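Structure first, commentary second.
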Amino acid sequence: MLGTFIAIWLIGASIVGAREEEQPKAVYISSEGIQFESYSPMWDTDRLRSLYELLIQCEHGEELQHLNKVLLYPEKSVGKSGSRVGLYDRESASISLYEVESLPVERTLIHEYGHHFTYYWLYRKDGVYPNQLTEHSEWAELREVDGYPVRWAGSKLPFIHKWDPDEIMAEDYVQLFGVGAKPIPDDPKDVVYLLRHENEYIPAVQTLPEVRRYWESAAGLAPRTPLKLPQIERWEPMDAPDGEGGLYRLVFTSAAADDAQTVQYGIRVAGFSEQGGMPVILTAGLAVQGSGSVETVLDLQALQQLNRFYAHIQIWALEPESHQLMYTPFYMNWYAYHPESGALSATGMPLEKQGLPRMLKSEGMDRWPMAVVIMNGKPAAAVRKYDENGIVYVPLKVFSDDAPPDSSLDRSLDGDGKPVHLRFHRRTVQLQLNAEEADVDGQTIKLRHPAKKMGKEPAVPVDDLPELFGVAVGWDEDGSGMYVQAE
């Protein structure tokens with residue numbers, strides 16, 4: 003056994019040595035001094051230059067000056083998560099790209115540069131590297147990943163790529179600062195294929211503007227007003243000209259931050275038959291200027307052939323001028339289709355039907371930590387659900403007309419040492435965190451459990467929602483969908 007190990011090690015060492023002695027096929031050196039080296043005849047100097055030009059379309063700061071090399075290899079490579087197509091080495095400040103003759107490298111380059119960016123600025127800001135982070139770090143709290151099986155420093159859980167803070171950070175960089183490196187689609191519907199985060203179970207980083215501000219402040223990047231998360235307002239069947247049916251009018255809120263912005267919208271509908279099988283995918287797109295409601299028509303005839311099905315509607319928004327992307331998270335906008343009425347009804351994410359509980363449990367997550375709030379039949383928000391000794395809490399922002407539950411907006415409810423004031427559906431509510439009473443329209447009511455600060459936000463027990471806000475609350479079977487009926 004030992005002899006076999008030594009033999010394998012010697013073979014590996016000889017390969018490394020041979021690579022070190024091999025001269026690159028082409029070299030390009032940027033104005034910053036970044037050396038692009040190709041060990042593949044398919045990548046000549048011009049192609050290396052184009053790779054550099056793509057890289058500088060990403061938002062960057064002084065960390066760009068500290069990137070030393072980008073190395074392109076035709077061979078495969080294996081890391082701790084199995085086969086890999088890229089590697090960032092902090093010690094040498096270099097990026098290695100693999101299988102460059104058979105695989106596209108552009109997306110991988112942006113991801114690996116995300117490692118360089120986040121390693122550099124996290125250490126400059128907090129004196130630690132991503133693999134040293136704990137759940138109590140500033141970034142962890144801003145990223146809102148408590149309750150998820152993230153592999154923090156010292157974790158005993160086995161390594162899984164998408165749950166590593168290092169990898170989450172790099173993917174966040176791609177989503178927040180790497181959009182400019184992607185060509186603008188000619189057809190708006192193709193925005194749905196532009197970029198997607200590796201980990202779709204954690205809160206979408208675009209909906210957390212504090213995370214972008216964290217990196218903007220660290221790297222000295224120009225601040226941007228974030229796009230808004232589109233919210234579906236109405237969906238209703240239409241009469242089709244041919245009488246076949248299947249047309250639906252879809253109305254949703256704009257992602258634009260102001261009326262001058264023109265946003266490209268891509269809509270992706272995935273229909274899943276209750277009998278199983280591959281989903282049926284439909285796409286549509288349009289470009290709209292301004293911040294008013296957006297309306298389009300979806301042709302769902304192909305889905306109706308599934309008879310009973312559930313559908314996921316994702317809305318993607320790209321603002322080309324500011325290079326910002328926003329899209330509906332995976333856990334939002336699920337619908338059940340009723341063939342008897344032809345209606346789509348909003349529902350919580352079908353965890354069991356998607357086979358997620360078993361998969362997530364195997365990765366270290368005992369229960370899904372979020373709840374999709376469906377307010378008066380409409381998908382309103384996806385929020386963190388807190389469970390303390392069997393008492394379930396949800397964020398107060400869900401019940402504030404002044405602070406809509408869209409988490410892409412700044413939270414205005416801090417609740418630190420002062421009363422929290424809310425207006426919700428003609429009710430005025432004032433309460434103090436950790437107090438046993440609250441004021442509703444001038445009347446004092448006794449609470450079953452005090453509101454508390456959970457994570458970074460004030461939260462209220464679900465049991466007190468009827469008295470406080472005059473709502474009826476129900477849950478789906480697996481607790482992922484919270485149905486609220488308000489007055």
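Counting from 3, one number per residue, gives the positions in the sequence shown under our numbering.
We treat Cβ as the ideally placed atom computed from N, Cα and C, and that holds for glycine.
No experiment lies behind these values; they were computed from the predicted model shown.
- One thing to note: Trp336 has its Cβ within 8 Å of the Cβ of Gly350.
- When C-alpha distances from Glu354 are compared across Val213, Val176, Glu479, Ala172, the shortest belongs to Glu479.
- Counting only runs that start and end inside the segment 290-336, the alpha helix (DSSP H) elements of at least 4 residues fall at 303-306.
- The segment 60-71 and the segment 113-127 touch, with three or more beta-carbon pairs separated by less than 8 Å.
- Assignment of Ile269 by DSSP, reduced to helix, strand and coil, places it in the strand class.
- The three-state secondary structure of His163, taken from DSSP, is helix.
- Closest in alpha carbon position to Ile393, among Pro463, Tyr150, Ala206, Glu39, is Pro463.
- DSSP, read as helix, strand or coil, puts Trp123 in helix.
- For Gly222, the closest C-alpha among the options Gly156, Ala155, Leu66, Pro160 is that of Leu66.
- As computed with DSSP, Ile97 is found in a beta bridge with Val72, Tyr90.
- Per the C-alpha coordinates, the member of Arg145, Gln134, Gln307 positioned closest to Trp154 is Gln134.
- Using a Cβ distance threshold of 8 Å, Pro211 and Pro228 count as a contacting pair.
- By alpha-carbon distance to Leu467, the top candidate from Phe401, Arg425, Tyr90, Phe332 is Phe401.
- Ranking His68, Val72, Tyr41 by CA distance to the CA of Leu56 puts Val72 first.
- DSSP, read as helix, strand or coil, puts Tyr30 in strand.
- Taking Ala461 as the centre and dropping the five residues before and after it, the same chain places the C-beta of Tyr388, Tyr395, Val396, Pro397, Leu398, Ala453, Lys454 closer than 7 Å to its C-beta, in chain order.
- For Glu143, the uninterrupted alpha helix (DSSP H) segment begins and ends at 140-145.
- Here the alpha carbon of Ile97 sits roughly 47 Å from the alpha carbon of Leu346.
- Cα atoms of Gly472 and Leu124: separation of roughly 45 Å, rounded to the nearest angstrom.
- In the same chain as Gln432, and ignoring 5 residues on each side of it, the C-beta atoms closer than 6 Å to its own belong to Pro421, His423, Asp441, in chain order.
- The criterion of a C-beta distance shorter than 8 Å is not satisfied by Leu74 and Glu24.
- Take Asn378, set aside five residues on each side of it, and the residues of its chain with a beta-carbon closer than 8 Å to its own are Val486, Gln487, Ala488, in chain order.
- Straight-line spacing of the CA atoms in Ile317 and Pro26 works out to 44 Å.
- Taking every protein chain shown into account, the CB of Tyr195 has fewer than 16 other CB atoms within 10 angstroms, so this residue is exposed.
- By the neighbour-count criterion, in which 16 or more other beta carbons inside 10 Å mark a residue as buried, Glu146 falls on the buried side.
- Trp217 and Thr136 have their C-alpha atoms roughly 18 Å apart.
- Taking a C-beta distance under 8 Å as the contact criterion, Val271 and Leu284 qualify as a contact pair.
- If you draw a straight line from the Cα of Lys380 to the Cα of Arg236, it comes to about 8 Å.
- Per DSSP, reduced to three states, the secondary structure at Leu433 is strand.
- When the alpha-carbon of Ala220 is set against those of Leu144, Glu438, Lys127, Leu69, the nearest one is in Lys127.
- For Gln177, the three-state secondary structure derived from DSSP is helix.
- If you look at Asp441, you'll find it in the beta strand (DSSP E) that goes 439-442.
- For Gln263, no pairing in a beta bridge is given by DSSP.
- Ranked by how close their Cα comes to the Cα of Asp260, the residues Arg215, Glu276, Glu321 have Glu321 in first place.
- Pairing Pro43 with Leu50, the inter-Cα distance amounts to about 12 Å.
- Asp443 and His427 have their C-alpha atoms some 12 Å from each other.
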